[in-house]
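Following the numbering used here, the numbering of the sequence shown begins with 247 at its first residue and continues without gaps.
In this text, a Cβ means the ideal position worked out from N, Cα and C, and glycines have one as well.
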Amino acid sequence: MKESYLQFRKDFSTQLEELTVVELEETYAALLLDHPEIFWMDNYIAVPQVNDTKICTNKSIQLKYYYTEEEAIAIKARIEPVYMEIVNGAKKQKNDYKKIKYVHDKLINLATYTKYSKDNVHEFQSIVSIFDTKESVCAGYTYGFKFIMDQLNIDSIATRDIGNEVASDNHIWNMVNLYGKWYNIDITYNNQLTKNGTISYNYFLKENSEFYKDHKMQKNIPQN
247 MKESYLQFRK
257 DFSTQLEELT
267 VVELEETYAA
277 LLLDHPEIFW
287 MDNYIAVPQV
297 NDTKICTNKS
307 IQLKYYYTEE
317 EAIAIKARIE
327 PVYMEIVNGA
337 KKQKNDYKKI
347 KYVHDKLINL
357 ATYTKYSKDN
367 VHEFQSIVSI
377 FDTKESVCAG
387 YTYGFKFIMD
397 QLNIDSIATR
407 DIGNEVASDN
417 HIWNMVNLYG
427 KWYNIDITYN
437 NQLTKNGTIS
447 YNYFLKENSE
457 FYKDHKMQKN
467 IPQN
């Protein structure tokens, strides 16, 4: 699936006899969380769908795109100087702690938290918002951080709480591995708490026991 999206293929086959709908959904969700650089993904259609629980995948899974390949190339060209400035600045820091803090601070100063409309929801759910339009929501901050951590070879993940009855309760944040231990970072919350140029670190490198007092702990996340 990853390679197919990277190549802008119309469809692909898994060569499996069957795969549950839930398994395919989880695969797509994992791809979104693990590879924010593929910002042009826009879901898929499994063909044919046999029933409510299983789909036949030895036929075809059709891929959907938010941007054309030409549009994606143009966006990549625009955002590369923006994120590379942060990457290069982070590489000059003396240790991983300072690199993580540097990226955290840069992303807070880079973009403004902005409510989005139904017409531009996808842009806000990808690194396009943080690096191109510089107006973002939690997804943009989280994917932007994950993307830059990947460039710095620092282990990190994006974890999300979705499917709430009230859509505005849905949220996404990061975990990062620092010196062999996993910590939580919520750049969105810190962005909203930052006032008069003084950056908040209330949700920076927090252990699970403290962080999940006001966040919903997700399944299979690293324990610290």
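- In this structure Asn436 is in contact with Asn448, their Cβ atoms being roughly 6 Å apart against a cut-off of 8 Å.
- Counting of Cβ neighbours within 10 angstroms places Gln261 among the exposed residues, the total staying below 16.
- Within the stretch 250–311, the complete alpha helix (DSSP H) runs of at least 4 residues fall at 267–280.
- Of all alpha-carbon atoms in Thr273, Lys361, Asn289, Lys427, the one lying nearest the alpha-carbon of Gln438 is that of Lys361.
- The Cβ-Cβ distance between Val422 and Ile400 falls below 8 Å.
- Each residue's CA atom was taken as its position, placing Thr314 and Leu270 some 24 Å apart.
- CA-to-CA, the gap between Thr440 and His350 works out to about 12 Å.
- Counting along the chain, the unbroken alpha helix (DSSP H) around Leu356 starts and ends at 342–356.
- Secondary structure at Thr444: strand, using DSSP grouped into helix, strand and coil.
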